[in-house]
Amino acid sequence: MRLEASAGRGILETERMKSSAARFLSLVAAMVVIFGAVAAVLVRVIPGPHKGIDYLVIGTLATFASLAALFVVLVTTWLKSSNLFFGRKKDG
């Protein structure tokens, strides 16, 4: 890590890194909670006694739900402000 001459600038960069790390950790925590909730619901919904294939299906559906939620969050936060596929025409 390089020391900056301006103390104010270093503080802002540190706060931004903390904010970024906090957002990442909250996103990971949300995905773990979604996975656990979907898995718990499916264990209750699928009639027992459960076999190995039942747990495979439960894990697959819980993973799908977690990744779908992650995709929705990423698309709505990162792509809504930028226009990836269509750029503005430059005059001239």
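In our numbering, the protein residues as written are 1382 to 1473.
Note that CB positions come from ideal geometry on N, CA and C, so glycine has one too.
Boundaries (first-last residue) of the alpha helix (DSSP H) holding residue i
| i | result |
| --- | --- |
| G1429 | No alpha helix (DSSP H) contains G1429, which DSSP labels as neither H nor E. |
Cβ shell of residue i (< 7 Å), same chain only, five flanking positions each side left out
| i | result |
| --- | --- |
| F1445 | none |
| I1415 | A1446, S1447, A1450 |
Cβ shell of residue i (< 6 Å), same chain only, five flanking positions each side left out
| i | result |
| --- | --- |
| A1402 | none |
| A1420 | I1439, A1443 |
Residue of the options minimising C-alpha distance to residue i
| i | options | result |
| --- | --- | --- |
| L1423 | S1407, L1448, A1450, Y1436 | Y1436 |
| A1411 | T1458, W1459, V1454 | V1454 |
Cβ neighbour criterion (16 or more within 10 Å) applied to residue i
| i | result |
| --- | --- |
| S1407 | exposed |
| F1452 | exposed |
| S1447 | buried |
| F1405 | exposed |
DSSP three-state assignment for residue i, whether helix, strand or coil
| i | result |
| --- | --- |
| E1385 | Note that E1385 has pLDDT 49, beneath the 50 cutoff, so the model's placement of it is unreliable and the number below is only indicative. DSSP places E1385 in coil when its eight states are reduced to three. |
| L1455 | helix |
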